[in-house]
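The opening position of the first sequence corresponds to residue 1 in UniProt numbering, with each subsequent residue numbered one higher.
Following: one structure in structure tokens, then a few remarks.
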Amino acid sequence: MNYWLVKSEPDAYSWQEQIHNHIEPWTGVRNHQAKKNLQSMRNGDLAFFYHSNVGKEIVGIVKIVKEAYPDPTDPEHKWVCVDVETVCPVPNPVTLKQIKTDPTLQDIGLIKQSRLSVMSITSEHWAILCRLGQVPTKYQQNKEN
DNA sequence: GCCAACGTTGGC
DNA sequence: GCCAACGTTGGC
1 MNYWLVKSEP
11 DAYSWQEQIH
21 NHIEPWTGVR
31 NHQAKKNLQS
41 MRNGDLAFFY
51 HSNVGKEIVG
61 IVKIVKEAYP
71 DPTDPEHKWV
81 CVDVETVCPV
91 PNPVTLKQIK
101 TDPTLQDIGL
111 IKQSRLSVMS
121 ITSEHWAILC
131 RLGQVPTKYQ
141 QNKEN
């Protein structure tokens, strides 16, 4: 399985709304590299939910439950979305500041490609971020895969 | 195909 | 509010 990070501005769609909705289509991605990443996601992959602009921290974990399909918010049907399901909150949200000061996280996409809204995360970085966020072990991996 | 102008994202 | 990074548009 693969690990990912998806960004949302909490003013537009927040983690609280994600908890409430439980399963939600991840729509509105309008960048080719992000689209490619969406298309590489497989059912059961896990993703960090990051609050951009306001908060600037990793606040939760979601699971991909429906692979890429045409984004209903795109009238031209040329962009895609996936469905994500709430897995758990990150008990101790990991801030961008923390990530920037951690020597083991310097080559993470969040820093190197700050404008990309859907990116992959290595399993090593995933483990480090889970530890920093104090994510319970049982949520760090999807046992179904 | 190049590049200037402009728009957007997102951090500071 | 500013700006860096990056993407898009359109003239040539």
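Where a beta carbon is used, it is the ideal one built from N, C-alpha and C, also for glycine.
Q. Would the region 50-60 and the region 69-76 be scored as touching if the rule is three or more Cβ pairs under 8 Å?
A. no
Q | residue 35, DSSP secondary structure in three states | A | helix
(Q) Which residue wins for smallest C-alpha separation from residue 118, given the options 7, 2 and 45? (A) 7
Q: Determine the extent of the alpha helix (DSSP H) in which residue 43 is found, giving its start and end residues.
A: Where residue 43 is concerned, there is no enclosing alpha helix (DSSP H), given that its DSSP letter is neither H nor E.
Q. In terms of residue numbering, what span does the beta strand (DSSP E) encompassing residue 26 cover?
A. 23-26
Q.
By the three-class DSSP mapping on this structure, what secondary structure does residue 138 have?
A. helix
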